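Single-structure report; data block below.
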Amino acid sequence: MTKMSKKTIIVFSGDYDRMMAAFIIANGAAAMDDEVTMFFTFWGLSALRKTQKPAGVKSDNSFLQNMFGGMLPKHAEKLGLSKFNFGGAGRFMMKKVMKSENVMTVAELIETAQEQGIKMIACTMSMDVLGITKEELIDGIEYAGVATYLGEADEANVNLFI
Amino acid sequence: MTKMSKKTIIVFSGDYDRMMAAFIIANGAAAMDDEVTMFFTFWGLSALRKTQKPAGVKSDNSFLQNMFGGMLPKHAEKLGLSKFNFGGAGRFMMKKVMKSENVMTVAELIETAQEQGIKMIACTMSMDVLGITKEELIDGIEYAGVATYLGEADEANVNLFI
Amino acid sequence: MTKMSKKTIIVFSGDYDRMMAAFIIANGAAAMDDEVTMFFTFWGLSALRKTQKPAGVKSDNSFLQNMFGGMLPKHAEKLGLSKFNFGGAGRFMMKKVMKSENVMTVAELIETAQEQGIKMIACTMSMDVLGITKEELIDGIEYAGVATYLGEADEANVNLFI
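So the sequence lines, in the order shown, correspond to chains D, S and V.
For the first sequence, the numbering used here begins at 653 and goes up steadily by one.
For the second sequence, the numbering used here begins at 653 and goes up steadily by one.
For the third sequence, the numbering used here begins at 653 and goes up steadily by one.
In structure tokens form, the structure reads like this:
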């Protein structure tokens, strides 16, 4: 019997800890040869931002769109914890423990996800609302909307919203 | 091959942005001819409140139940963002951007959901705990508990908790 | 036709209200003879802490690990609400209403879950990161990682992340 074993994860949250959970599940499934699609929407898009902001890129964003974009974490390692963040101190401490326990950071988890061929999709509607442009996001990702997500979810046996 | 393509979404969160995500997925699936059931529980019930509070309705709620009911957002468009809400300013700004990008508000998404025949169920146990009465909620919804949810989920191929 | 009706729930959140939702769904499914596995990770682990801290247990935790452990709620009934907690006053009030409405507390829901044979798994990686030891957690639970979760999810027809 061939078993359907595709997984999809909607990454809505921009919390460092929830992002870890999402990528640990995704990477775990990919390591077990499952096909995995991650759909990044709203605050989850922050994780896909490039470490270096592209210079000299003009956007036709409105003032309000730029304001949201400006408030969002600059890249994955700047995300806050959902609890005990204390302006970044909590994340700093958690990352120290993670290092001593050989647990990967979100940046490392993203790199592994790309190496394992996990399909990462940025939600274009959310990008419009939050004023995030393609130039700001990492390479190797796809751009689509809810219909694409639903198509992927229909082929999967585990679908999570994180 | 007939494929099972029913979807269920538990709407637990009362955040404006998570509510948008829930209804965009639900409406997207319904537009693709999927059967969709949304189960509103805890803070998610806020979205189903009528814009106008019914006058002259007496309830046998206790003082504590009324207190929770009084703290909850008055209706869908009064929900706060999960991030950058700033006492409603963040939601106000996001809605301005949404309008300019032709993205529907939650109130419009709910209307569309009802037009598309999406089954919306209010969790009766949560209503008791939060002191929410049927008179406060919009028309055209159903009332049930966890057993009904589980029955719907057993028939679906995508089940999300938002 | 024998229908697959196993359920899995990842309990990531440590909020009292989300914990209620998780256990009400889990216990509801178990009451309908479904097999249920709950996987407790990150802040969700707080719910599994013993009411009485074990005395005289030495751990090889680092200072930082002990700090996270020290900040976490002491046991299930000390968890806060995701909204309107007000330093515990909100949870206190909600529990008063729950009692008058005959709604079970999280501690009672956990007891019922164990009586119904629900499999409760603590995520060992999260335990390392948060400095939580086996001695601190209640009896009758299992310990495993993401691969075990994925194995369980592959056998289930409803998989939620709470």
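Idealized CB from N, CA, C, for every residue including glycine.
Because the structure is a prediction, the values reported are computed rather than measured.
Query raised in the report: Ends of the beta strand (DSSP E) at I814(D)?
Result: Along the first sequence, one-based indexing puts residue 814(D) at 162. Neither: I814(D) is in no beta strand (DSSP E) and is coded neither H nor E.
Query raised in the report: What is the DSSP secondary structure of T776(V), reduced to helix, strand or coil?
Result: Stepping through the third sequence from its first residue, residue 776(V) is reached at position 124. Helix at T776(V).
Report task. Using a Cβ cut-off of 8 Å (strictly closer), state whether I814(V) contacts chain S. Result -> As a working note, residue 814(V) is residue 162 in the third sequence. Judged by the 8 Å Cβ criterion, I814(V) is in contact with chain S.
Report task. Could you list the residues in the segment 680–702 of chain V with a C-beta less than 9 Å from some C-beta on chain D, going in chain order? Result -> T693, F694, W695
Report task. Report yes or no: is there a C-beta of chain S within less than 8 Å of the C-beta of T736(V)? Result -> Position 84 of the third sequence, counted from the first residue, corresponds to residue 736(V). Note that residue 736(V) corresponds to Phe in the displayed sequence, not to Thr. It does: the Cβ of F736(V) has a partner Cβ on chain S nearer than 8 Å.
Report task. Measure the Cβ-Cβ separation of A808(V) and K702(V) and say whether it is below 8 Å. Result -> Position 156 of the third sequence, counted from the start, is the residue given in the question as residue 808(V). Position 50 of the third sequence, counted from the start, is the residue given in the question as residue 702(V). No, the Cβ-Cβ distance between A808(V) and K702(V) is not below 8 Å.
Query raised in the report: Should G666(S) and K747(V) be called a contact, given that it needs their Cβ atoms to be closer than 8 Å?
Result: In the second sequence, residue 666(S) corresponds to position 14, counting from 1. In the third sequence, residue 747(V) corresponds to position 95, counting from 1. No, these two residues do not count as a Cβ contact at 8 Å.
Requested in this report: Drop a sphere of 10 angstroms on the beta-carbon of A741(S), count the other beta-carbons inside from all chains shown, and report buried for 16 or more, exposed for fewer.
Outcome: One-based indexing of the second sequence puts residue 741(S) at position 89. Exposed.
**Report entry** Under 8 Å between C-beta atoms of Y801(D) and F692(D)
**Finding:** Counted from its first residue, the first sequence places residue 801(D) at position 149. Counted from its first residue, the first sequence places residue 692(D) at position 40. It is not a contact, given that the beta carbons lie outside the stated cut-off.
Query raised in the report: Which bits of chain B does D669(S) rub up against, with CB to CB less than 7 Å?
Result: Absent here is chain B; the protein component of the structure consists of chains D, S and V.
Query raised in the report: Under 8 Å between the Cβ atoms of A765(S) and L731(S)?
Result: Translated into positions along the second sequence, residue 765(S) becomes position 113. Translated into positions along the second sequence, residue 731(S) becomes position 79. Contact flag unset, no.
Query raised in the report: What alpha helix (DSSP H) runs, 4 residues minimum, are completely inside the segment 694–744 of chain D?
Result: 715–723
Query - Supposed contact pair F813(D) and F664(D) - C-beta distance, whole angstroms, cut 8 Å - result: Along the first sequence, one-based indexing puts residue 664(D) at 12. Along the first sequence, one-based indexing puts residue 813(D) at 161. At roughly 6 Å, the Cβ-Cβ gap stays under 8 Å, so F664(D) and F813(D) are in contact.
Query raised in the report: Which residues, taken in chain order from the segment 740–760 of chain D, show a beta carbon closer than 7 Å to some beta carbon of chain V?
Result: M745, M746, K748, V749, M750, S752, E753, V755
Query raised in the report: Exposed or buried, Q704(D), counting other C-beta atoms within 10 Å across all chains shown (16 or more means buried)?
Result: Translated into the one-based positions of the first sequence, residue 704(D) becomes position 52. Exposed: under 16 other Cβ atoms inside 10 Å.
Query raised in the report: By the criterion of Cβ-Cβ separation under 8 Å, what are the contact partners of D806(V) in chain D?
Result: Counted from its first residue, the third sequence places residue 806(V) at position 154. Going along chain D in sequence order, the residues near D806(V) (Cβ under 8 Å) are K655, S657, N809, V810.
Requested in this report: Would you decide whether S714(S) is buried or exposed? Buried here means 16 or more other CB atoms lie within 10 Å of its CB.
Outcome: What you label residue 714(S) is simply residue 62 of the second sequence in a count that begins at 1. When all chains shown are included, S714(S) counts as exposed.
Report task. Pick helix, strand or coil for V688(S), following the three-state DSSP scheme. Result -> Position 36 of the second sequence holds residue 688(S). If DSSP states are grouped into helix, strand and coil, V688(S) belongs with the strands.
Query raised in the report: Counting pairs of Cβ atoms below 8 Å between the segment 768–778 of chain D and the segment 678–691 of chain D, do you hit three or more?
Result: yes
Query - Closest residue to M756(V) among H727(V), M671(V), N737(V) (Cα-Cα distance) - result: As a first step, residue 756(V) is located in the third sequence; it is residue number 104 there, counting from the start. The shortest Cα separation from M756(V) among H727(V), M671(V), N737(V) belongs to M671(V).
Query - Limits of the unbroken beta strand (DSSP E) element including V663(S) - result: Numbered from 1 along the second sequence, position 11 holds the residue referred to as residue 663(S). Note, V663(S): beta strand (DSSP E), 658–663.
Query raised in the report: What does DSSP give as the partner residues of A808(D) in its beta bridges?
Result: Position 156 of the first sequence, counted from the start, is the residue given in the question as residue 808(D). DSSP, once it has assigned bridges, lists K658(D) as partnering A808(D).
Requested in this report: Identify the contact partners of L802(S) in chain V, using a Cβ-Cβ distance below 7 Å as the criterion.
Outcome: As a position in the second sequence, residue 802(S) is number 150, starting the count at 1. Ordered by position in chain V, the residues that pass the 7 Å Cβ test against L802(S) are G680, A681, M684.
Requested in this report: Ignore the nearest five residues each way along the sequence and tell me which others in H843(V)'s own chain have a CB closer than 6 Å to its CB.
Outcome: Residue 843(V) is absent from the structure shown; chain V starts at 653 and stops at 814.
Query raised in the report: Using a Cβ-Cβ cut-off of 7 Å (strictly less than) and excluding sequence neighbours within five positions of A805(S), which residues of its own chain qualify?
Result: Within the second sequence, numbered from 1, the residue matching residue 805(S) stands at position 153. Counting only Cβ-Cβ distances below 7 Å, and skipping sequence neighbours, we find T660, N811.
Query raised in the report: Cβ of L761(S) within 8 Å of Cβ of L724(S)?
Result: Start at 1 with the first residue of the second sequence, and residue 761(S) comes out as number 109. Start at 1 with the first residue of the second sequence, and residue 724(S) comes out as number 72. No, Cβ-Cβ distance for L761(S) and L724(S) is not below 8 Å.
Query raised in the report: G803(S): which of A799(V), M719(V), S778(V), A683(V) sits nearest, CA to CA?
Result: One-based indexing of the second sequence puts residue 803(S) at position 151. In this structure, A683(V) is the residue among A799(V), M719(V), S778(V), A683(V) with its C-alpha nearest to the C-alpha of G803(S).
Query raised in the report: Which value, in whole angstroms, describes the spacing of the CA atoms of L751(S) and N679(S)?
Result: Here the question's residue 751(S) lines up with position 99 in the second sequence. Here the question's residue 679(S) lines up with position 27 in the second sequence. Reading off the sequence, residue 751(S) comes out as Lys, not Leu. If you take the alpha carbons of K751(S) and N679(S), they lie about 18 Å apart.
Report task. Taking V781(V) as the query, report the chain D residues whose CB atoms sit under 8 Å from its CB, ordered along the chain. Result -> Counting from 1 along the third sequence, the entry for residue 781(V) is found at position 129. Within chain D, the residues near V781(V) are M746, V749, M750, E753, V755.
**Report entry** Beta-carbon proximity list for V798(S), same chain, < 6 Å, skipping 5 on both sides
**Finding:** Position 146 of the second sequence, counted from the first residue, corresponds to residue 798(S). There are no such residues.
Report task. Please report the residue range of the beta strand (DSSP E) in which E794(V) lies. Result -> Residue mapping note: residue 794(V) aligns to position 142 of the third sequence, counting from 1. Element bounds for E794(V): 794–796.
**Report entry** Distance between beta carbons of L733(V) and Y668(V), contact taken as under 8 Å
**Finding:** In the third sequence, the residue the question calls residue 668(V) occupies position 16. In the third sequence, the residue the question calls residue 733(V) occupies position 81. Their Cβ separation, rounded to whole angstroms, is 5 Å, which keeps Y668(V) and L733(V) in contact under 8 Å.
Query raised in the report: In chain V, which residues lie with their C-beta within 8 Å of the C-beta of A799(D)?
Result: In the first sequence, counting from the first residue as 1, residue 799(D) sits at position 147. Under the 8 Å cutoff, chain V gives no residues; its nearest Cβ is about 22 Å from A799(D).
Requested in this report: Please confirm whether E753(S) and D780(D) have their CB atoms less than 8 Å apart.
Outcome: The residue labelled residue 753(S) in the question sits at position 101 within the second sequence. The residue labelled residue 780(D) in the question sits at position 128 within the first sequence. Taking 8 Å as the Cβ cut-off, E753(S) and D780(D) qualify as a contacting pair.
Query raised in the report: Ends of the alpha helix (DSSP H) at I676(S)?
Result: For the purposes of this step, residue 676(S) is taken as the residue at position 24 of the second sequence. It spans 668–683 - the alpha helix (DSSP H) in which I676(S) sits, taken as one unbroken run.
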